[in-house]
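Enquirer: Let me give you the structure first, and then I'll get to my questions.
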Amino acid sequence: MRKSWTSHLSSISYGLFVYGLGALFLGFMVVPVLISLSMSFTSGQTLKFPPPGLSLRWYAALLDPVQSEIVQQAAWNTLQIAVFAVLASLVFAVPAAFGMARISARRANALEPLFLAPMVLPSLVYGLALLIAANLMHISPSIWLVVLANVVVFGPLMFRATSSIAQQLDPSLEDASSLLGASRWSTFRRVTLPLLAPGIYAGMFLVFIQSIENVSLPLFLAPAGTTILPLEMFAMLQDSLDPRIAAISGVLIAITVLVLVAVQRLTPFLRDQGRS
Amino acid sequence: MKNPAFPFLLPMLLLSLGGFVAPMGVLAFYSLSAGGNPGLFGNYAAFLEDPFNLWIIVDTVTLGFKVVVVATCLAVPIAMLYWHGGRRLRQTVVVLALLPMLASNIVRTFAWIVLLGRNGPLVAIADALGLIDGPRSFLLTEGGLVIALAQIELPLLLLPMIAVLSRMDRRLVEAAEMAGAGPWRIMFTIVLPLTLPGIIAGWILTFASAATNFVTQAAIGGARLIYLPQFLYRQVNILFDWPTASVVAFILIISTGSVILALAMLTRHPRLIGNA
Amino acid sequence: MPDFKMNRRQFGLGLAAAGLSMPMLSRPGLAAGSVTVATFPNAWEQAYRKVIVPMLAAKGTTLTIAPALTTAQIAKVLAAKQGSAPPPYDALLLSPGDIDIAVKNDLLAEVDPSKISNWSKLAPASQGKYGPTVTLEVDGFAYNPDVVPKPTSYKDLFENPAFAGKVSWTGFDSNTAIEFYSEIAKVYGSGPYDMDAVFKLFKDKKDFLGPIVDTTSHQMTMLQQGEIGVFMASTNNVAQLKALGAKAEFTSPDTGSPAVPVVIVMTKGATNPDAVHEYMDAAISADAQNVLQMPPTEYIPTNSDVKLAPGLAAYLTPETMSKLVYLDWGTVAQHRAEWTKQFDRVVKG
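For the record, the sequence lines run as chains A, B and C.
With the UniProt record's numbering applied, the first sequence corresponds to residues 1 to 276, in that order.
With the UniProt record's numbering applied, the second sequence corresponds to residues 1 to 276, in that order.
With the UniProt record's numbering applied, the third sequence corresponds to residues 1 to 349, in that order.
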């Protein structure tokens, strides 16, 4: 078949759009991260761009138990909170996303605002509201309260990321499974959950990162004496433009890339499902 | 509700009622009862009577929309790059798409101060293209804020899109190609419509996050651009005026929440589901 | 603030689950001779752990340093009071503006000077009803000599063309900013609280205003990147910038440097008032302040036995110290909301 010149033009412009603009915008997305990373390798004393020279001293400082004892403790606390928040979001949000796709649109429209509302509220206000409410019930600030708050505020991210896929699932698959005698729960586990996996992974990532980043919730809800990473980073910036802040991001990026590579070998998250 | 999907919704429902509705109820009580304004909704009336405050609400919602539009323009080519890419390219796109979230908010904001500043590359580019006359700073301008927020929130739009694309069947497209449809036509009539649930999920996350991202709004936007979250932050942290803070919080929930609700209802629109 | 107690029972059941105690991160113990005190995070936290904790340990008192931003300190104590629980901190670290809020909400207890042996070493201004001043923040102009000449007065900043567009300001959210606006009000208006004069000045001299931002740390970043030439800062901010190799100098305005005390206060219902007094005593002792006035903290001492270290003396000339300006934070608190509102309208772009 001979292609007309308009169809050639269309292919060329489309190729430019996808590969040219796609790559350019991907670059736009990454450049600020590279700037942050480059500052973490500075040989100077402050966060500054461009860095006056390169060194690994701030990574060394971060790992040094004497210089960075407080930061390490804070990172450990924050990590525990984030892990619990991710696990709890799985329990609450994933079944909800599935259930939401299986009820009538009218009911779903009535219920969804309730599930999404925490997303539009700055966490500062929710943190304050929960602090007041908890104290009225004689519950004093604790790590569990921080975890609860993280699940309430960031669970909707998991819910939303999963439900976009749940809505596209074909109920006939489940019907088939039920006809074969599988219980509703085992159908969910064996058939539905693997199909939801890409959304769940995206959700886990979002909840984890937000839980690590958030200042307001632990600010109000953590018990006295428990320090958390974003609060320390905030103070490090105010005190001295400390380059360890950039180094912390560098460590986080390195860990995430490693985890992604590992996950990619174990799960179909990155695997090309459409082809094969 | 005798619906078999109900048990799946129950945990999230209980979490919402106990963890979100109850504390917000305390705040609602605060917003109605405390403070010196007469009448049940006196505090709300006092806030809404001031045209200056009304403009802050409008500005906040508009900011969310602007960021969603810019982020969508950036996300579509990247998503199409992912769609056309082979295994390696797809993996690269996913990893790069996650990166912006990994650099902590504080460091990311710092990078944007560098990028948007008087001596930064964006100013140089805009100057070279003749978009501005003479060097100036994009810091503390709404344009600069929208660009920075679009980059920071882009993963929230890309991740749900990629999650949907990763499990989309390529045979649909092959059939269309065989029928002689050009690439643009396939993108607009097949790929993007099928991705729509992911896009809308992404819009919801991006809008909510951009409209409530206090840290970036404050650091890049400065004190001259005022949005509801900054207003809230001040009432809570500086003035300790919790009743007014509660009022502003509910106004923020209602104004941004109604946008999100409309988007969420769109995903269940019968026409749209018919297409997908 | 309304009394919430009567509504307590109306609120949700679901929260009960959250009351479980945390096995891995338990709240610091409340054994006899222990005390939990709030400080600012990071630098302050680290310094107090290193210097004050051992001093109290020597007396058999366990001191737990709990880093928290001012907001969280007040919010947690206030919420605990509304739930009739003991305060989560026995002592707080506050500035006068925040002390005013805490006092209004009845969160603080008066101290007993007879239990603090170093009390007499403090200047009368530092002997507060609710606790001792442990250090002062002394403020002035931070400037980058590569970008602007040395500023000497407020008139310089608004009338000398060399500064046009180079001076960065913050809003009324910042205590430091309020002090400077009060000083400007004295120069351009009828007195320290005549903010209308400041607002008029901001309207008339639009070209002279540089970036108006939210926080000092943002200004430190911009000064370092050469984005601005001057901002209102503490000697501490400038010492930090300089020690870290950034181009920055400090100078006092000709009308004197504004000063903000940092005060340790005791919360009402503190579990162990004697230990809190011990803590205050240690924090104002010459031993502690001699260490804390050295880098990296460089906290200005308030104990009269402490001789100013050379590092601090470079900024705090006798002339600067003799011309410190203090603000009446009670008056500020009355007007703060209104001023903030006005300022928003003046600067809104």
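We treat Cβ as the ideally placed atom computed from N, Cα and C, and that holds for glycine.
(1) With 16 other CB atoms within 10 Å as the buried threshold, where does Leu87 of chain A fall?
(2) At what residues does the alpha helix (DSSP H) containing Val61 of chain B begin and finish?
(3) By the 10 Å Cβ neighbour count, where 16 or more other Cβ atoms means buried, how is Trp5 of chain A classified, buried or exposed?
(4) Using CA atoms only, rank isn't needed, just tell me which of B:Thr60, B:Gly180, B:Leu99, B:Tyr44 is closest to Leu26 of chain A.
(5) Can you list the residues of chain C that Ser211 of chain A reaches, using a CB-CB cut of under 7 Å?
(6) For Ser4 of chain A, would you say it is in contact with chain C, using Cβ-to-Cβ distances shorter than 7 Å as the test?
(7) Compile a chain-ordered list of the residues in the region 206–220 of chain B whose CB is closer than 7 Å to at least one CB of chain C.
(8) Are the Cβ atoms of Arg224 of chain B and Asp173 of chain C separated by less than 7 Å?
(9) By how many angstroms is the C-alpha of Thr271 of chain C removed from the C-alpha of Pro86 of chain C?
(10) Would you say Asn3 of chain B lies against chain C (beta-carbon separation less than 7 Å)?
(11) Return no unless some Cβ of chain A is closer than 7 Å to the Cβ of Thr256 of chain B.
(12) Can you tell me whether Ile12 of chain A is buried or exposed? The criterion is at least 16 other CB atoms within 10 Å of its CB, across all chains shown.
(13) Quick check: what's the CA-CA separation for His335 of chain C versus Val120 of chain A?
(14) Please state whether the Cβ-Cβ distance between Ile245 of chain A and Asn77 of chain A is less than 7 Å.
(15) Our contact map puts Asn105 of chain B next to Glu213 of chain A with C-beta atoms below 8 Å; I'd like the distance itself, whole angstroms only.
(16) According to DSSP, is Asp254 of chain C helix, strand or coil?
(17) Starting from Ser211 of chain A and walking both ways along the alpha helix (DSSP H), at which residues does that stretch end?
(18) Under the assumption that Pro32 of chain A contacts Ala111 of chain B (Cβ atoms under 8 Å), give the Cβ distance between them as a whole number of angstroms.
(19) Using a Cβ-Cβ distance cut-off of 7 Å, determine whether Ser137 of chain B contacts chain A.
(20) Residues of chain C with CB closer than 9 Å to the CB of Gly117 of chain B, please, in chain order.
(21) Note down, in chain order, every chain B residue with its Cβ under 7 Å from the Cβ of Lys348 of chain C.
(22) What residue does the alpha helix (DSSP H) around Trp185 of chain A start on, and which one ends it?
(23) Closer than 8 Å is the cut-off here; do at least three beta carbon pairs connect the region 193–211 of chain B with the region 158–166 of chain A?
(24) Assess contact between the region 183–193 of chain B and the region 148–157 of chain B, defined as three or more Cβ pairs (one per stretch) separated by less than 8 Å. Is contact present?
(25) CB-CB under 6 Å to Ala333 of chain C, same chain, minus the five flanking residues each way: which ones, in chain order?
(26) Per DSSP, which residues does Ile65 of chain C bridge with? Please list them.
(27) Return the Cβ separation of Ser104 of chain A and Gly203 of chain A in integer angstroms, given the expectation that the two are a contact with Cβ distance under 8 Å.
(28) Nearest by alpha-carbon distance to Met232 of chain C: which of C:Tyr279, C:Ile184, C:Ala102 is it?
(29) Does the region 30–48 of chain B come close enough to the region 238–253 of chain B that 3 or more CB-CB pairs lie under 8 Å?
(30) Report all residues from its chain with a CB closer than 6 Å to the CB of Gly210 of chain C; omit the five preceding and five following residues, and keep chain order.
(31) In chain C, what lies closer than 8 Å to Asp241 of chain B by C-beta?
(32) According to DSSP, is Gly229 of chain C helix, strand or coil?
(33) Locate the alpha helix (DSSP H) running through Ile143 of chain A, then write down its first and last residues.
(34) Tell me the rounded alpha-carbon separation between Leu114 of chain A and Ala129 of chain A.
(35) For Asn237 of chain B and chain E, any beta-carbon pair shorter than 7 Å?
(36) So, is Gly127 of chain A buried or exposed, given that buried needs 16 or more other C-beta atoms within 10 angstroms?
Expert: Based on what the coordinates show:
(1) Label assigned to Leu87 of chain A: exposed.
(2) Run containing Val61 of chain B: 51–84, per the alpha helix (DSSP H) assignment.
(3) Its Cβ having fewer than 16 others within 10 Å, Trp5 of chain A is exposed.
(4) Residue B:Leu99 is the option with its Cα nearest to Leu26 of chain A.
(5) One finds nothing in chain C with a Cβ atom closer than 7 Å to the Cβ of Ser211 of chain A; even the nearest lies about 15 Å away.
(6) For Ser4 of chain A, the nearest beta carbon of chain C is not closer than 7 Å to its own beta carbon.
(7) Here the close residues are Ala218, Ala219.
(8) No Cβ-Cβ contact shorter than 7 Å links Arg224 of chain B with Asp173 of chain C.
(9) When the Cα atoms are used, Pro86 of chain C and Thr271 of chain C turn out to be separated by approximately 8 Å.
(10) It does not; no Cβ of chain C falls within 7 Å.
(11) The beta carbon of Thr256 of chain B falls within 7 Å of a beta carbon belonging to chain A, placing the residue at that interface.
(12) In summary, Ile12 of chain A is exposed, with fewer than 16 beta-carbon neighbours lying within 10 Å of its beta-carbon over all protein chains present.
(13) So the two alpha carbons sit approximately 31 Å from each other.
(14) No.
(15) Indeed they touch by this definition, with Cβ atoms about 6 Å apart.
(16) Residue state for Asp254 of chain C is assigned as coil, using DSSP reduced to three classes.
(17) Here the alpha helix (DSSP H) through Ser211 of chain A covers 193–213.
(18) That belief holds up - the Cβ atoms of Pro32 of chain A and Ala111 of chain B are roughly 4 Å apart, short of 8 Å.
(19) By this cut-off, Ser137 of chain B is not an interface position.
(20) Residues of chain C with a Cβ closer than 9 Å to the Cβ of Gly117 of chain B are, in chain order, Met222, Gln225, Gly226, Glu227.
(21) At a C-beta separation below 7 Å, Lys348 of chain C has these neighbours in chain B: Arg224, Ile226.
(22) First-last of the alpha helix (DSSP H) with Trp185 of chain A: 184–187.
(23) The answer is yes - the region 158–166 of chain A touches the region 193–211 of chain B, with three or more Cβ pairs under 8 Å.
(24) By the Cβ criterion, the region 183–193 of chain B is not in contact with the region 148–157 of chain B, since fewer than three pairs of Cβ atoms, one from each stretch, lie closer than 8 Å.
(25) Here the set comprises Asp100.
(26) Paired residues: C:Val37.
(27) Not confirmed; about 24 Å, so no contact.
(28) Out of C:Tyr279, C:Ile184, C:Ala102, C:Ile184 has the C-alpha closest to the C-alpha of Met232 of chain C.
(29) As far as the Cβ criterion goes, the region 238–253 of chain B touches the region 30–48 of chain B, which means the pair count is three or higher.
(30) Excluding sequence neighbours, Gly210 of chain C sits near Gly165, Lys166, Val167, Ser168, Ile228.
(31) Chain-order list of chain C residues neighbouring Asp241 of chain B: Ala337, by C-beta distance under 8 Å.
(32) Coil.
(33) 143–166 is the extent of the alpha helix (DSSP H) around Ile143 of chain A.
(34) If you take the alpha carbons of Leu114 of chain A and Ala129 of chain A, they lie about 17 Å apart.
(35) Among the chains of the structure shown, chain E does not appear; the protein chains present are A, B and C.
(36) With 16 or more other CB atoms across the displayed protein chains lying within 10 angstroms of its CB, Gly127 of chain A is buried.
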